[in-house]
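Numbering (my numbering), first residue to last: 2 to 141. Just so it is clear, CB atoms sit at the ideal spot from N, CA and C, and this is done for glycine as well. Nothing here was measured: the structure is a model prediction, and the numbers come from that model.
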Amino acid sequence: STVCKIDKAVLDGVRKSYSAKIGDNFNVFIAKIDKKDLLVVPEETLSDATLEDVIDSLPEDSPRYLTLSFKWVNHEGRTTYPLAFIYYCPPTSPPTDMMLYASTQPALQTSLNTDKAYHLQDSEDLTQEWLNQHLKKFAS
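Okay, structure coming up:
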């Protein structure tokens, strides 16, 4: 299977998004695959975005990679700023796109140095509750 190369602008964009000031909402970086060049490229950066903003930015029939950085207070009251990596793949995506994104995901995750990866099929599922559930699993 094909593994796409990763544009340096993606790694820089994620780093910038993660290190920017985080308020009560999310700093989000969205990347897509340029199928002509087989390259993961930046698509959009959102600052202080709500989950609704993120959902509105996602296509209904094409995969994307997202990173969300945000303030999270765990059950012990400790504040952390996780970087969540989300592989978004709606079931209506073309099978060739699904395969391309799936085969490239591990390389991108390694490049981003993140071990928290979540799979999202329906953008409407991206809620605070969904995120909390996944973070709890990771934190335990």
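For residue j and residue i, believed in contact at Cβ under 8 Å, the rounded distance
| i | j | result |
| --- | --- | --- |
| serine 104 | valine 4 | 5 Å |
| proline 83 | lysine 117 | 6 Å |
| serine 94 | serine 63 | 6 Å |
Residues that residue i bridges to, as DSSP identifies them
| i | result |
| --- | --- |
| tryptophan 73 | Thr81 |
| asparagine 28 | Ser70 |
| isoleucine 87 | Leu67, Tyr119 |
| lysine 6 | Leu40 |
DSSP three-state assignment for residue i, whether helix, strand or coil
| i | result |
| --- | --- |
| alanine 50 | strand |
| lysine 37 | coil |
| isoleucine 23 | coil |
| leucine 121 | strand |
| valine 42 | strand |
| aspartate 57 | helix |
| aspartate 62 | coil |
| leucine 136 | helix |
Enclosing alpha helix (DSSP H) for residue i [first to last residue]
| i | result |
| --- | --- |
| leucine 113 | 96-113 |
| alanine 10 | 9-20 |
Pair within 8 Å by beta-carbon distance, residue i and residue j
| i | j | result |
| --- | --- | --- |
| isoleucine 7 | alanine 85 | no |
| phenylalanine 27 | leucine 59 | no |
| threonine 68 | serine 18 | yes |
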